[in-house]
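Peer 1:
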Amino acid sequence: MKNTRITMLCGFCMICLVAAIMPAASALGNGTSWNDNPEHITAMQAGVAYAGAIGQAQMDGAISYIGTLSNGAGTGQLSSLESQFTGTESSVQSMTAADQIKAAETQMGADRKEFMSTARGSLKEYNGTGKALRESVNASVMAQSTTIQDLKNTWWTDRGTARMDEFAHNDQERNSVLAKLTARGVDVSQAQEVENQIQQEGTALKAAFDSQDGKAVQSANQQLATLCSQFRDIVKGYRTAHPAGATVTQTATVPAPA
Numbered sequence: 018m019k020n021t022r023i024t025m026l027c028g029f030c031m032i033c034l035v036a037a038i039m040p041a042a043s044a045l046g047n048g049t050s051w052n053d054n055p056e057h058i059t060a061m062q063a064g065v066a067y068a069g070a071i072g073q074a075q076m077d078g079a080i081s082y083i084g085t086l087s088n089g090a091g092t093g094q095l096s097s098l099e100s101q102f103t104g105t106e107s108s109v110q111s112m113t114a115a116d117q118i119k120a121a122e123t124q125m126g127a128d129r130k131e132f133m134s135t136a137r138g139s140l141k142e143y144n145g146t147g148k149a150l151r152e153s154v155n156a157s158v159m160a161q162s163t164t165i166q167d168l169k170n171t172w173w174t175d176r177g178t179a180r181m182d183e184f185a186h187n188d189q190e191r192n193s194v195l196a197k198l199t200a201r202g203v204d205v206s207q208a209q210e211v212e213n214q215i216q217q218e219g220t221a222l223k224a225a226f227d228s229q230d231g232k233a234v235q236s237a238n239q240q241l242a243t244l245c246s247q248f249r250d251i252v253k254g255y256r257t258a259h260p261a262g263a264t265v266t267q268t269a270t271v272p273a274p275a
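Using the working numbering, the letters of the sequence shown correspond one by one to residues 18 to 275.
1. What's the C-alpha gap between K169 and I71?
2. Taking 8 Å as the cut-off, decide whether the C-beta atoms of A79 and A149 are in contact.
3. Just to confirm before moving on: does the CB-CB distance between W172 and F226 stay below 8 Å?
4. Less than 8 Å between the beta carbons of M181 and K223, yes or no?
5. Enumerated in chain order, which unbroken segments of the alpha helix (DSSP H) with a length of 4 residues or greater are wholly contained in the segment 181 to 247?
6. Less than 7 Å between C-beta atoms, sequence neighbours within five positions excluded: which residues of the same chain meet that for C245?
7. So Q75 is in the alpha helix (DSSP H); what residue range does that whole segment cover?
8. Determine the burial state of T105: buried for a count of at least 16 other Cβ atoms within 10 Å of its Cβ, exposed for fewer.
9. Could you say if the segment 240 to 256 and the segment 196 to 215 meet the contact criterion of at least three C-beta pairs nearer than 8 Å?
10. So, Y82 versus G145, is the Cβ gap smaller than 8 Å?
11. Taking only runs of the alpha helix (DSSP H) that begin and end inside the segment 97 to 174, which ones reach a length of at least 4 residues, in chain order?
12. Do A237 and E218 have their C-beta atoms within less than 8 Å of each other?
13. Using alpha carbons as the reference points, say which of V65, D77, A185 lies closest to R151.
14. I need the straight-line Cα distance from R256 to A242, nearest angstrom please.
15. Pick out whichever of S108, D128, G91, Q229 has its Cα sitting closest to the Cα of L98.
16. Does the beta-carbon distance from A329 to T59 come in below 8 Å?
17. For D167, which of Q239, G138, G64 has the nearest alpha-carbon?
18. I'd like to check one pair, Q73 with T103: are the Cβ atoms closer than 8 Å?
19. Determine the DSSP secondary structure at G91, reduced to helix, strand or coil.
20. Alpha carbon to alpha carbon, how far is L86 from M61?
21. For a test of the three-state rule: what should DSSP assign to A179, helix, strand or coil?
Listed below in structure tokens is the structure:
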């Protein structure tokens, strides 16, 4: 029974995985919150569709086995939970805000958990075996493998597009800041060095998305967070030393008028 729980749980954790490796919400700087950015929403929807396809295939396999064991008597509640799960997944495709999608993910996760609990109870009630249940679940997932793989590829493509567009936007903002400081006569070589490192890490981030490497995506995002923090601190120092209206050859304190 323990092995059965682990096998089904692997698939039921997909929604948590989808949420965990999406980029953190941030301001795009143009009045649009990353939370509501259309490309981010599209990527989240693709992730839910991918997780939903896996979950539905697993549920179908479990229902098929429990139905055989019980001669159809033990599938009512399981089918109802599956319908609720797939209904929520379908509704996500028309949502326009990340908070709505996250709430739907939470509901889908609760439905998965209840389905697992009910399936375990039915397995015991009708004297089934964990091995046979796993085989039925795996066979169902395998039968849907082409669709699941297509949805996975779409998810990675949409995530990559959204994240790299965010990166490009923020990169443009950083370079605009450096150009304005340079125009005021500020030596921005230290910040430029960090910006060069950020661009290199951006290349690594894109490669991670292209290869569908979740660990590499997470690592690149962590490195970028550190480098961007360094960049902000350096720029803050420049602005403190050279307030707006002052140049490098001016003192930070404007003399009082005579």
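C-beta atoms are modelled at their ideal positions from N, C-alpha and C, and glycine is treated no differently.
Peer 2: This is what the structure holds:
1. If you take the alpha carbons of K169 and I71, they lie about 10 Å apart.
2. It is not a contact, given that the beta carbons lie outside the stated cut-off.
3. Taking 8 Å as the Cβ cut-off, W172 and F226 do not qualify as a contacting pair.
4. For M181 and K223, yes; Cβs fall inside 8 Å.
5. List check, alpha helix (DSSP H) in window: 206 to 227.
6. So the qualifying residues of the chain are I215.
7. Run containing Q75: 55 to 87, per the alpha helix (DSSP H) assignment.
8. Buried, because 16 or more other Cβ atoms sit within 10 Å of the Cβ of T105.
9. Output reads yes: the segment 196 to 215 touches the segment 240 to 256.
10. A contact, by the Cβ cut-off of 8 Å.
11. Positions of the alpha helix (DSSP H) runs, each at least 4 residues long and wholly inside the segment 97 to 174, are given as 115 to 142, 147 to 160 in order along the chain.
12. Less than 8 Å divides the Cβ of A237 from the Cβ of E218.
13. Checking every option, the nearest Cα to that of R151 belongs to D77.
14. Their Cα atoms are separated by approximately 21 Å.
15. The candidate whose alpha carbon is nearest that of L98 is D128.
16. Any answer about residue 329 is impossible in this case: the structure gives the chain only from 18 up to 275.
17. Nearest option by C-alpha distance: G64.
18. The answer is yes: Cβ separation under 8 Å.
19. G91: coil per DSSP, three-state reduction.
20. Near 37 Å, if we compare the C-alpha coordinates of M61 and L86.
21. Helix.
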